[in-house]
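Chains as they are written, first to last, in the working numbering: chain C, 1 to 340; chain H, 341 to 680.
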């Protein structure tokens, strides 16, 4: 899934260059490239399917030159994760009715790719043998994060266990309780299932959406697929796979994982994962901090900056746009950008 | 005098684009252009002489296309105001031994050019009739500014009066006392004198410098002038006209002026003279202030900025360089730039 626009990282991410195509952490690879390489030990290149907005098709092919053009599915507009996944599922089914499928956002960070491959491998084995199982990767929480949804299981556990409940983003007190209890995981948004399991789930829990895609059944995998999608996609309900399917299912599992994961969804999470100078600043690019602490300074290559007298702030300069703000207020960025 | 490099306005001013060539206030004219136009009612274009660094000669001619190339005198290196004025004086003498001369920095602001022309006209009349007088324009102080030198006269007065003392930049208490006393003026750095008066002053108070320039007497005003300057200029003492001449003279006068003057020597003085939004911000360029007050935001055309959560700060973006700092700390800018 690579269709997001990521306005929370303005000015680094913009409509024409969303987060999945950026190398925000300075690793030398964009998020989508790193995601592709993370799955490559498990999945041959010709089995990848990228769902993105039509506007980003060329960007995807530039970042993943191993893919052929017909491996990039184009949404005509944004419609949340359930329609995105339905689109890919129907496409995959037309090629490979028995597929085991891994669904992943294209803009997350994983630091231990060996452990990642092991966990995903275990999970795929499980969903191939248990052909009704819908599996979420659950991340063992390292802090009471309020920016993630949580997965509750029956008791403190390792390995693959049934999901008891999905919990929306909690407040800090609740998050602390979750972490202390031991039977809660972060919801990574990475899913594993067989084509059979997810197809049945769409039929059971999102029957209108299934009926809509069924009308194009004969078109998927043919030259008519795009035309069908362009006509019908806008009629899909705007709903996430979590709300539409996972919360309603009675055959859902999680696998407890600990492979150094973050969705890097905010400047604050970038701050958490970046290297810091002795004053606690995360600096990228040519910048001189003076009497400045606990701040993120992200300066475009070719530019230089002096930043003095700030604490717990963000200074980001990219693509002829500058943002200076308090890190605590970053949830407002999207609003400010609209005003600007 | 247009040879300064103005590092205090980094990143707007830089070695390759010093303050006199900038339009920091957004008036549509650079400081040097506005200075030229301010004197034009009094001085025909062909009588202007600009002394600048060799590196800025083309910039001067671009900003003042009315001038011929030989009206731009080029210093091979920076040597303060006394050598700069000596160079121009010897050049002028070679063309016009009886000239009355106005000396002015090229990077000041004047808001009432009618009153300016009246005052300068009065002063030039005086120095033409009193051919030993060295005259400084004294600005009636509107606030206890600690960033300027002061001129003390015998008693509260208008018109042209003898100077009692020059005072260096005072501390705030002293500045308040000066303003309350009424017989102190800001030293504008604008001088008026006859060629006879300034030549005698160099001979009397800076005899080594006069001797040095006398060696090239035959070269001034000829094609050999530049070669002479290139060889000899570095041997001049690095001294200001204030220390070298004015403080030592017994024939010095000031004329009390009130024509809306500022040297715009700091971001703080720019803040004072710019228009403010209701939150007290002085904004230039496309910038959205959010919960930001009493700050200077100066964004290069073609760029955009969001600035949130700052008070009494400076945000300046120009020429691929960004400065964010507290306005109170701007005296350190030069130091930071060296570190960067």
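Where is the CB? At the ideal position from N, CA and C, for every residue including glycine.
### Message
Give me, in chain order, the residues of the same chain whose beta-carbon lies closer than 8 Å to that of residue 29(C); leave out the 5 immediate sequence neighbours on both sides.
### Response
23 and 37
### Query
Roughly how many angstroms lie between the CA atoms of residue 270(C) and residue 95(C), to the nearest whole one?
38 Å
#### Entry: First and last residue of the uninterrupted beta strand (DSSP E) at residue 74(C)
72 to 75
### Task
Note down, one range per segment and in chain order, each alpha helix (DSSP H) of at least 4 residues found wholly within the stretch 136 to 221 of chain C.
Runs found: 172 to 181, 195 to 205 and 207 to 214.
### Task
Name, going along the chain, the residues of the stretch 304 to 331 of chain C whose beta-carbon falls closer than 8 Å to a beta-carbon of chain H.
Correct list: 304, 305, 306, 307, 308, 309, 310, 313, 315, 317, 320, 321, 322, 323, 324, 325, 326 and 329.
### Task
Note down, in chain order, each residue of its chain lying with its Cβ closer than 6 Å to the Cβ of residue 488(H), except the 5 sequence neighbours on either side.
526
### Query
Looking at the structure shown, is residue 405(H) part of a helix, part of a strand, or coil, going by DSSP?
coil
### Message
Considering only the alpha carbon of each residue, which of 667(H), 645(H), 387(H) and 650(H) lies closest to residue 658(H)?
### Response
Among 667(H), 645(H), 387(H) and 650(H), the Cα nearest to that of residue 658(H) is on 645(H).
### Message
According to DSSP, simplified to helix, strand and coil, what is residue 94(C)?
### Response
Helix.
### Query
So does the stretch 455 to 469 of chain H actually touch the stretch 546 to 566 of chain H, counting three or more Cβ pairs closer than 8 Å?
no
#### Entry: Uninterrupted beta strand (DSSP E) stretches inside the stretch 591 to 624 of chain H (no shorter than 3 residues)
592 to 597 and 622 to 624
### Task
Please name the residue in 143(C), 286(C) and 104(C) whose C-alpha comes closest to that of residue 136(C).
104(C)
### Task
Identify the contact partners of residue 630(H) in chain C, using a Cβ-Cβ distance below 7 Å as the criterion.
336
### Alpha carbon of residue 201(C) to alpha carbon of residue 82(C), nearest angstrom
Between residue 201(C) and residue 82(C), the C-alpha separation is close to 11 Å.
### Backbone CA spacing between residue 164(C) and residue 261(C) [nearest angstrom]
22 Å
### Query
In whole angstroms, what separates the C-alpha of residue 292(C) from that of residue 309(C)?
5 Å
### Query
On the three-state DSSP scale, how would you describe residue 324(C)?
strand
### Query
How many Å lie between residue 417(H) and residue 406(H) at the Cα?
25 Å
### Task
Compare the C-alpha of residue 79(C) against each of 314(C), 320(C), 312(C) and 237(C) and name the closest.
237(C)
#### Entry: N- and C-terminal bounds of the alpha helix (DSSP H) containing residue 374(H)
371 to 379
### Query
Nearest CA to the CA of residue 402(H): which residue from 428(H), 357(H), 424(H) and 586(H)?
357(H)
### Query
Closest to residue 534(H) by CA distance: which of 398(H), 382(H) and 437(H) is it?
Distance check between residue 534(H) and each of 398(H), 382(H) and 437(H) places 437(H) closest, using alpha-carbon atoms only.
### Task
Would you please verify whether the beta carbon of residue 404(H) is less than 9 Å from any beta carbon of chain C?
no
### Message
Please confirm whether residue 302(C) has its beta-carbon closer than 9 Å to some beta-carbon of chain H.
### Response
yes
### Message
Here's the rule: buried if 16 or more other CB atoms are within 10 angstroms of the residue's CB, otherwise exposed. What is residue 108(C)?
### Response
The residue in question, residue 108(C), is buried, as its Cβ has 16 or more Cβ neighbours within 10 Å.
### Task
List the residues of chain C that residue 639(H) touches, going by C-beta distances under 9 Å, in chain order.
322
### Query
For chain H, is any of its Cβ atoms less than 9 Å away from the one on residue 167(C)?
no
### Query
Could you give the distance in angstroms between the alpha-carbon of residue 331(C) and the alpha-carbon of residue 71(C)?
34 Å
### Query
By Cβ distance, which residues of its chain are closer than 6 Å to residue 111(C), with the 5 residues on each side in sequence left out?
260
### Query
Secondary structure at residue 341(H), three-state DSSP: helix, strand or coil?
coil
### Message
Quick check on residue 204(C): buried or exposed, where buried means 16 or more other Cβ atoms within 10 Å of its Cβ?
### Response
exposed
### 7 Å Cβ cut-off: residues of chain H touching residue 340(C)
628, 644 and 646
### Query
Roughly how many whole angstroms lie between the Cα atoms of residue 227(C) and residue 208(C)?
20 Å
### Query
Where residue 240(C) and residue 286(C) are concerned, what is the direct C-alpha to C-alpha distance, given to the nearest angstrom?
40 Å
#### Entry: Minimum Cβ-Cβ distance from residue 500(H) to chain C less than 9 Å
Residue-level contact by beta carbon fails for residue 500(H) and chain C, as no gap is shorter than 9 Å.
### Task
Could you tell me whether the Cβ atoms of residue 152(C) and residue 167(C) are closer together than 9 Å?
A distance below 9 Å separates the beta carbons of residue 152(C) and residue 167(C).
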